[in-house]
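A short worksheet on the structure shown next.
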Amino acid sequence: MKKSIFKVIFVAILALGTVAPIATLATHYSSLQVEKSVNLEAAILQTIDSDSMFNNIKFLSKSPRVAGTEQEDAAVAYIKKSFESYGYKTEVQAFTFTDYTAPHTIKLSIDSFTKSLDPQALEYSISGQVSGEIVTAGLGKVEELQYLDLTGKIALLERGEISFNDKMSNVIAKGAVGAIFYNNVPGTVMGSLGEVNKAFVPAVLLTEAEGDELVKHINNNPSTHASITIKGSKSQKNISHNVIATKMPTSNQKQVTTSSKIDKDIIVISAHHDSVAGAPGANDNASGAAMTLELSRVMKNIPSETEIRFITFGAEEFGLLGSTHYVENLTEDEISRIAANFNLDMVGSKDAGELILQTADGKHNLVTQQAQAASTKLNGEPTPVNQGDRSDHVPFANVGIPSALFIHNPAEPWYHKPEDKIDKISKEKLQDVAEIVSIALWNQIRIDHQVK
Ligand code: BES
Ligand code: ZN
Numbered sequence: 022m023k024k025s026i027f028k029v030i031f032v033a034i035l036a037l038g039t040v041a042p043i044a045t046l047a048t049h050y051s052s053l054q055v056e057k058s059v060n061l062e063a064a065i066l067q068t069i070d071s072d073s074m075f076n077n078i079k080f081l082s083k084s085p086r087v088a089g090t091e092q093e094d095a096a097v098a099y100i101k102k103s104f105e106s107y108g109y110k111t112e113v114q115a116f117t118f119t120d121y122t123a124p125h126t127i128k129l130s131i132d133s134f135t136k137s138l139d140p141q142a143l144e145y146s147i148s149g150q151v152s153g154e155i156v157t158a159g160l161g162k163v164e165e166l167q168y169l170d171l172t173g174k175i176a177l178l179e180r181g182e183i184s185f186n187d188k189m190s191n192v193i194a195k196g197a198v199g200a201i202f203y204n205n206v207p208g209t210v211m212g213s214l215g216e217v218n219k220a221f222v223p224a225v226l227l228t229e230a231e232g233d234e235l236v237k238h239i240n241n242n243p244s245t246h247a248s249i250t251i252k253g254s255k256s257q258k259n260i261s262h263n264v265i266a267t268k269m270p271t272s273n274q275k276q277v278t279t280s281s282k283i284d285k286d287i288i289v290i291s292a293h294h295d296s297v298a299g300a301p302g303a304n305d306n307a308s309g310a311a312m313t314l315e316l317s318r319v320m321k322n323i324p325s326e327t328e329i330r331f332i333t334f335g336a337e338e339f340g341l342l343g344s345t346h347y348v349e350n351l352t353e354d355e356i357s358r359i360a361a362n363f364n365l366d367m368v369g370s371k372d373a374g375e376l377i378l379q380t381a382d383g384k385h386n387l388v389t390q391q392a393q394a395a396s397t398k399l400n401g402e403p404t405p406v407n408q409g410d411r412s413d414h415v416p417f418a419n420v421g422i423p424s425a426l427f428i429h430n431p432a433e434p435w436y437h438k439p440e441d442k443i444d445k446i447s448k449e450k451l452q453d454v455a456e457i458v459s460i461a462l463w464n465q466i467r468i469d470h471q472v473k
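This is the structure in structure tokens:
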């Protein structure tokens with residue numbers, strides 16, 4: 022990590038006091054504007070404290086923080102309290118989700134079939150025990166099932182053309198009590214029924230080879246019976262939370278700049294605070310949550326006309342649920358006003374590779390441009406950009422908001438493992454990423470950039 026010359030400049034400024042008075046100085050436009058910008062940039066860099074991030078990660082990663090658990094609630098309370106201690110108005114946004122537990126037992130037995138089968142559950146397969154005659158039902162399209170009565174029977178269905186969910190609904194409508202799906206290409210597939218649904222019937226998934234054998238067997242032995250047993254899968258409603266701290270535009274600049282219309286006047290800095298079960302998630306993603314807190318602390322007294330929302334999302338690990346809920350609940354007006362989402366996920370592991378930026382479509386956008394300008398200025402080279410859609414920047418991208426994920430690549434070996442603890446965290450990496458994000462953010466919000 023290379024030190025910026027601005028830090029040196031800031032030593033002199035420090036002698037005059039803290040960031041707050043400097044920020045107050047910069048409330049009017051004058052020929053000193055550029056100089057003040059430099060001073061504020063120096064102030065931002067100087068204020069970033071990797072110890073503060075480290076200590077917050079340490080606190081948050083005492084245990085896993087699975088969405089909907091008491092441990093998530095404790096993390097949410099801690100994050101809210103921290104935002105409030107910096108002076109932010111902070112909202113906790115609750116949302117419900119369905120928590121699905123995969124089965125521990127999946128059995129399929131077929132009368133007089135001697136070849137061994139390795140049935141897999143599909144995601145959202147329900148538990149239950151059913152038996153009945155197996156009937157081949159093709160791809161399970163409505164027109165194929167038209168003259169079939171599947172009442173009390175188990176449908177055998179090939180993958181393809183329509184979703185597993187549609188196949189399931191179609192055979193249920195014809196009275197099926199169970200479903201056996203098989204792949205249409207060699208190898209295994211992670212099948213999903215797409216949703217939790219109590220109306221589903223027990224279902225398993227076989228390989229293409231297993232399915233072909235089974236079809237042959239049924240053709241040779243009409244009215245073959247099968248039984249499916251699935252145990253241990255369950256789904257329950259649960260509640261997770263997003264924590265949203267808002268930095269309102271600095272009010273006295275509003276008057277000065279009423280003539281300059283800023284269309285995109287909101288920036289979102291985000292990170293998920295939840296972890297997977299069994300992993301304390303120091304890097305994934307107490308690191309991002311702690312960096313979001315730190316950036317909010319550092320930016321508190323920096324004047325800007327842009328509103329900044331610092332958000333930690335819940336239930337990312339269950340499928341980007343918190344960020345999806347957040348984006349779905351934005352008004353059209355808010356969506357059109359959000360200039361950028363900087364999403365921080367896994368930003369402090371000693372054992373991960375270099376910082377990269379990932380966008381959902383692999384293309385550059387405002388976030389990557391600002392981050393590359395900042396990294397070039399700070400470290401002499403632009404942070405590389407590639408495609409990635411595994412974190413909370415995706416729901417923003419889906420509604421057209423420029424967004425990018427800040428992450429180290431390759432990921433550390435402890436990703437989603439019990440070893441993802443505080444001892445794997447690097448203060449240097451935290452400092453480096455926080456500097457890049459804060460300078461990118463600063464360049465975006467600088468009043469002198471906005472006043473034309
Ligand atoms: N932090 C990870 C995403 C990640 C890990 C990106 C390693 C790049 C390299 C995130 O918390 C995660 O685990 N995401 C899930 C996907 C999500 C939709 C449930 C994943 O990648 O499996
Ligand atoms: Zn993560």
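Quick note on the working numbering: the sequence shown kicks off at 22 and runs consecutively.
Ideal placement from N, C-alpha and C gives every residue a C-beta, glycine not left out.
Legend entry - Spatial distance of I457 from T157 (CA atoms): The residue labelled residue 457 in the question sits at position 436 within the sequence shown. The residue labelled residue 157 in the question sits at position 136 within the sequence shown. Their Cα atoms are separated by approximately 58 Å.
Inset, instruction - Taking the CB atoms as reference points, tell me whether G1 and I175 lie closer together than 7 Å. - result: Any property of residue 1 remains undetermined from this structure, which presents the chain solely from 22 to 473.
Inset, instruction - Would you give the residue range spanned by the alpha helix (DSSP H) that L143 belongs to? - result: The residue labelled residue 143 in the question sits at position 122 within the sequence shown. Annotation for L143: no alpha helix (DSSP H) segment contains it, and DSSP assigns it neither H nor E.
Inset, instruction - Counting only the same chain and skipping the five closest in sequence on each side, list residues whose C-beta sits under 7 Å from that of E231. - result: Numbered from its first residue, the sequence shown carries residue 231 at position 210. Answer for E231: L138, Y203, listed in chain order.
Inset, instruction - Check whether the Cβ atoms of A115 and H262 lie closer than 7 Å to each other. - result: Locating residue 115 in the sequence shown gives position 94, counting from the first residue. Locating residue 262 in the sequence shown gives position 241, counting from the first residue. It is a contact, given that the beta carbons lie within the stated cut-off.
Inset, instruction - Give the range of the alpha helix (DSSP H) segment to which T345 is assigned. - result: Against the sequence shown, residue 345 aligns to sequence position 324. Residues 342–349.
Inset, instruction - Could you tell me which of F185, E179, F134 sits nearest to V206, measuring between CA atoms? - result: Here residue 206 refers to the residue found at position 185 of the sequence shown. Minimum Cα distance to V206 is reached at E179.
Inset, instruction - Counting only runs of 4+ residues fully inside the stretch 299–364, write out the alpha helix (DSSP H) ranges in chain order. - result: Segments of the alpha helix (DSSP H) lying fully in the stretch 299–364: 308–320, 342–349, 353–358.
Legend entry - the ligand BES heavy atom lying under 6 Å from the CB of L387: Counted from its first residue, the sequence shown places residue 387 at position 366. For the ligand BES, no non-hydrogen atom lies closer than 6 Å to the CB of L387.
Legend entry - Sequence-distant residues of its chain with Cβ nearer than 6 Å to G212 (five each side left out): By one-based count along the sequence shown, residue 212 stands at place 191. Leaving aside the five residues that flank G212 on each side, the residues in its chain whose CB is nearer than 6 Å to its CB run, in chain order, L143, F185, L226.
Inset, instruction - Could you tell me which of N350, K448, A461 sits nearest to N386, measuring between CA atoms? - result: Residue numbering aside, residue 386 sits at position 365 when the sequence shown is read from its first letter. Ranked by Cα distance from N386, the options N350, K448, A461 are led by A461.
Inset, instruction - Within the same chain, show all residues whose beta-carbon is closer than 8 Å to that of G196, passing over the 5 residues directly before and after it, in chain order. - result: Mapped onto the sequence shown, residue 196 falls at position 175. In chain order, D170, L171, T172, G173, K174 place their CB closer than 8 Å to the CB of G196, counting only its own chain and leaving out the 5 sequence neighbours on each side.
Legend entry - Buried or exposed (CB count within 10 angstroms, at least 16 for buried), S82: The count along the sequence shown starts at 1 and reaches residue 82 at position 61. With 16 or more Cβ atoms within 10 Å of its Cβ, S82 is classed as buried.
Legend entry - Backbone CA spacing between A360 and Q390 [nearest angstrom]: Here the question's residue 360 lines up with position 339 in the sequence shown. Here the question's residue 390 lines up with position 369 in the sequence shown. So the alpha carbons of these two residues sit roughly 13 Å apart.
Inset, instruction - Can you tell me which of T117, N407, V368, E355 puts its alpha carbon nearest to the alpha carbon of T380? - result: Translated into positions along the sequence shown, residue 380 becomes position 359. T380 has its Cα closest to that of N407, out of T117, N407, V368, E355.
Inset, instruction - Reducing DSSP to helix, strand and coil, say where E17 ends up. - result: A question about residue 17 goes unanswered here, because the residues of the chain that appear run from 22 up to 473.
Legend entry - Reduced DSSP secondary structure (H/G/I, E/B, other) of V264: Translated into positions along the sequence shown, residue 264 becomes position 243. Of the three classes helix, strand and coil, the one that applies to V264 here is strand, per DSSP.
Inset, instruction - With a threshold of 6 Å, establish whether the CB of D366 neighbours any heavy atom of the ligand ZN. - result: Position 345 of the sequence shown, counting from 1, holds the residue named residue 366. Checking the Cβ of D366 against the ligand ZN gives yes.
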